[in-house]
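Chemist:
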Amino acid sequence: MTLLLSLCFFAFLAGFVDAIVGGGGLVQLPAFFILQPQLALAQTLATNKTASFLGTSVAAVRYLKRVKMDWKHLLPAIIAALVGAFSGALLVSFIHKEQFMPVIITALVLVLIYTLFKKELGLHHVEKNLTARKAFIYSLLTGGFIGFYDGLIGPGTGSFLIFAYVVVFGYDFLRSSANAKLINCVTNISALSFFLAKGFIVWKLAVPVGAANMLGNYAGSHLALKKGSGFVRTAFIVIVLALIAKLAYDYFLKN
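Quick note, in the numbering used here, the sequence shown goes up one by one and the last residue is 255.
Structure below.
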């Protein structure tokens with residue numbers, strides 16, 4: 001019982017962070033590995049993904065109610081992300097993810113530097129004056145590339161999505177986070193359908209951990225909506241820093 005309560009605490013924390021700017025996987029997945037070592041890898045990933053999906057759904061619904069969505073930017077990205085994530089997942093067995101880690105770490109460092117030096121970046125919502133054709137193409141490319149990355153490799157997907165919406169479309173960080181949550185929520189469905197079909201989900205853990213993650217997502221999205229883009233921007237910088245540190249540690253020190 002103590003281990004389950006500890007796992008639920010970390011799930012709440014993961015949901016809280018994830019609702020604001022993504023990166024909940026930095027907290028919840030390691031907690032699963034440490035606190036539930038008896039699970040097979042597939043069970044851990046499936047149960048973690050189920051709990052995360054439940055939480056992300058809560059944040060997505062809250063953002064939908066409170067943040068105005070521009071569906072001409074969002075819908076093509078969702079469709080492309082679904083196709084991209086599925087395509088990436090098909091190639092997972094042929095790819096050694098470790099080979100890509102230096103590229104991913106470098107990309108995240110560049111994202112961090114760009115955000116730090118552009119002090120007004122994402123603080124104000126000033127959409128770029130794109131033609132309908134350009135908006136459609138950019139949406140497809142954003143969803144397709146990042147969805148493919150999510151299916152193939154994964155770490156930092158939420159951060160890359162938020163950054164893309166800020167830079168490509170001129171969104172503020174709050175609306176970018178809302179868009180990222182919806183895309184993440186939809187792309188997770190394909191992975192969950194696989195896990196469900198294979199029976200990998202440990203429901204006695206997924207339900208309480210998912211409930212804790214949902215509470216965290218509710219609290220995190222509430223705070224983000226209350227504090228606005230300046231708060232989300234700061235959280236984004238912190239999470240990208242943590243992600244860089246985690247990936248660099250795993251790649252350079254564990255190998």
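Ideal placement from N, C-alpha and C gives every residue a C-beta, glycine not left out.
With contact counted as at least three CB pairs below 8 Å, one residue from each stretch, are the region 209-218 and the region 167-177 in contact?
Modeler: These segments do not touch.
Chemist: Let's test the definition: count the other Cβ atoms within 10 Å of the Cβ of Lys49 and tell me whether it reaches 16, buried, or not, exposed.
Modeler: Classification for Lys49: buried.
Chemist: Between the beta-carbon of Gly24 and the beta-carbon of Ala14, is there less than 7 Å?
Modeler: In contact: Gly24 and Ala14 (Cβ atoms closer than 7 Å).
Chemist: Could you check where the alpha helix (DSSP H) with Gln43 kicks off and where it finishes?
Modeler: 41-66 is the extent of the alpha helix (DSSP H) around Gln43.
Chemist: Can you tell me the Cα-Cα spacing of Gln43 and Thr131, whole angstroms?
Modeler: Roughly 46 Å separates the two Cα atoms.
Chemist: Thinking C-beta only, is Phe10 closer than 7 Å to Gln28?
Modeler: Cβ atoms of Gln28 and Phe10: closer than 7 Å.
Chemist: Would you identify the three-state DSSP class for Glu127, choosing helix, strand or coil?
Modeler: It is coil, neither helix nor strand.
Chemist: Cα-Cα, which of Leu7, Tyr251, Gly170 is closest to Tyr138?
Modeler: For the residues Leu7, Tyr251, Gly170, the minimum Cα distance to Tyr138 belongs to Gly170.
Chemist: Anyone know if the C-beta pair for Gly144 and Ala80 falls short of 7 Å?
Modeler: Cβ distance < 7 Å, so Gly144 and Ala80 count as in contact.
Chemist: Would you give the residue range spanned by the alpha helix (DSSP H) that Lys227 belongs to?
Modeler: Taken as a continuous stretch (DSSP letters only), the alpha helix (DSSP H) holding Lys227 covers 203-227.
Chemist: Which of the three DSSP states is assigned to Ile137 in this structure?
Modeler: Three-state DSSP puts Ile137 in a helix.
Chemist: Decide if Ile95 is buried, meaning its Cβ has at least 16 other Cβ atoms within 10 Å, or exposed.
Modeler: With fewer than 16 Cβ atoms within 10 Å of its Cβ, Ile95 is classed as exposed.
Chemist: On a Cα-Cα basis, can you pick out the residue from Leu196, Ile20, Val238 that is closest to Lys226?
Modeler: Measuring from the Cα of Lys226, the nearest candidate turns out to be Ile20.
Chemist: With C-beta atoms as the reference, is Ser221 less than 7 Å away from Arg62?
Modeler: Contact flag set, yes.
Chemist: Assuming Leu182 contacts Ile78 (C-beta within less than 8 Å), just tell me the rounded distance between them.
Modeler: 7 Å between Cβ atoms; contact.
Chemist: In the structure shown, what three-state DSSP assignment does Phe200 receive?
Modeler: Coil at Phe200, not helix or strand.
Chemist: Going by DSSP, what residue range makes up the alpha helix (DSSP H) through Leu26?
Modeler: That run of the alpha helix (DSSP H) goes 25-35.
Chemist: Would a C-beta distance cut-off of 7 Å place Cys185 and Ala40 closer than the cut-off?
Modeler: Not in contact: Cys185 and Ala40 (Cβ atoms no closer than 7 Å).
Chemist: Given this structure, state the Cα-to-Cα distance separating Phe86 from Phe148, to the nearest angstrom.
Modeler: Roughly 7 Å separates the two Cα atoms.
Chemist: Quick check on Gly143: does DSSP put it in helix, strand or coil?
Modeler: Reduced to three states, the DSSP call for Gly143 is helix.
Chemist: Report the rounded CA-to-CA distance for Phe200 versus Lys246, giving the unit in angstroms.
Modeler: C-alpha separation (whole angstroms): 27 Å.
Chemist: Could you name the residues of the same chain whose beta carbon sits closer than 6 Å to that of Phe12, not counting the 5 residues immediately before and after it, in chain order?
Modeler: Closer than 6 Å at Cβ, skipping near neighbours: Ala212, Leu215, Gly216.
Chemist: According to DSSP, is Met1 helix, strand or coil?
Modeler: Coil at Met1, not helix or strand.
Chemist: Only counting the same chain, and skipping five residues up and downstream in sequence, which positions put a Cβ closer than 7 Å to that of Arg66?
Modeler: Hits under 7 Å: Leu225.
Chemist: Which residues mark the beginning and the end of the alpha helix (DSSP H) in which Met101 is found?
Modeler: Note, Met101: alpha helix (DSSP H), 101-117.
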